[in-house]
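Everything on this sheet refers to the single structure shown next.
In this note's numbering, the protein residues as written are 3 to 206.
Quick look at the structure:
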């Protein structure tokens with residue numbers, strides 16, 4: 003089993019576990035050993051899955067504005083946790099591959115392994131939910147057919163993205179690509195960097 007097959011299987015497990023209760027307030031019950039790559043991948047997808055459903059809830063046109071603001075704050079916090087965890091997964095890769103000396107002509111990829119895995123995790127959610135729509139009995143035949151077409155495209159994306167991620171990891175292991183990590187340096191949650199937050203702090 004290659005890396006992406008393993009990651010996809012873990013993402014599927016996380017998504018299935020979430021939908022047992024299908025509740026954004028249900029706690030994560032990560033089955034993997036703490037600190038393992040499997041544990042990190044499961045935690046990453048769990049964050050994505052909860053946030054997926056928070057994004058659905060906040061789009062309810064009849065939502066109470068106070069509740070909407072609370073959810074928006076929760077989504078902001080979730081985004082920060084997601085970013086932190088992606089960077090932690092990259093640190094795992096850096097530690098695992100730190101004995102490798104890149105070739106003199108090694109290239110730098112536009113994204114790191116973990117940020118590519120981030121896209122794979124979101125894609126797993128798209129596949130899951132599009133499959134539900136493609137088979138939803140209460141929907142029209144036209145709707146199901148359109149969703150089946152979209153599902154087939156998503157599955158093609160899964161194949162291509164998985165191949166690209168596996169190739170990237172292989173190229174890093176073989177010294178063809180130099181792994182270089184930049185922190186995302188998110189500013190909107192930082193009281194010292196977001197002008198609205200530090201002005202409010204000053205005025206308060």
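Don't be surprised by glycine CBs; every beta carbon is placed ideally from N, CA and C.
Same chain only: Cβ atoms within 8 Å of residue i, ignoring 5 sequence neighbours per side
i	result
residue 243	An answer regarding residue 243 cannot be provided, because it is not within the stretch 3 to 206 covered by the chain.
residue 84	46, 49, 50, 53, 120
residue 32	41, 44, 45, 48
residue 122	6, 9, 10, 13, 160, 163, 164, 167
residue 156	125, 128, 129, 132
residue 175	99, 102
residue 118	163, 166, 167, 170
For residue i: DSSP bridge partner residues
i	result
residue 109	179
For residue j and residue i, the rounded distance between their alpha carbons
i	j	result
residue 133	residue 24	16 Å
residue 3	residue 102	23 Å
residue 12	residue 22	16 Å
residue 112	residue 142	42 Å
residue 38	residue 144	44 Å
residue 168	residue 93	18 Å
residue 2	residue 160	Coverage of the chain is limited to positions 3 through 206, which leaves residue 2 absent and any answer about it impossible.
residue 51	residue 36	20 Å
residue 154	residue 124	16 Å
residue 57	residue 77	8 Å
residue 8	residue 129	16 Å
residue 139	residue 151	17 Å
residue 30	residue 19	9 Å
residue 75	residue 158	34 Å
residue 87	residue 149	31 Å
Under the three-state DSSP convention, the category residue i falls into
i	result
residue 120	helix
residue 93	helix
residue 101	coil
residue 13	helix
residue 34	coil
residue 26	coil
residue 139	coil
residue 184	coil
residue 114	coil
residue 4	coil
Neighbourhood of residue i by C-beta distance below 6 Å, restricted to the same chain and skipping five residues each side
i	result
residue 146	136
residue 164	6
residue 110	180, 182
residue 55	26
residue 95	115
residue 104	177, 180
residue 1	Since the first and last residues shown for the chain are 3 and 206, residue 1 lies out of range.
Any C-beta of chain D under 9 Å from that of residue i
i	result
residue 31	Absent here is chain D; the protein component of the structure consists of one chain.
Spatial neighbours of residue i in its chain, beta-carbon cut-off 7 Å, leaving aside the 5 residues before and after
i	result
residue 126	10, 13, 14, 17, 47
Runs of beta strand (DSSP E) lying entirely within the segment 50-82, each at least 3 residues, in chain order: none
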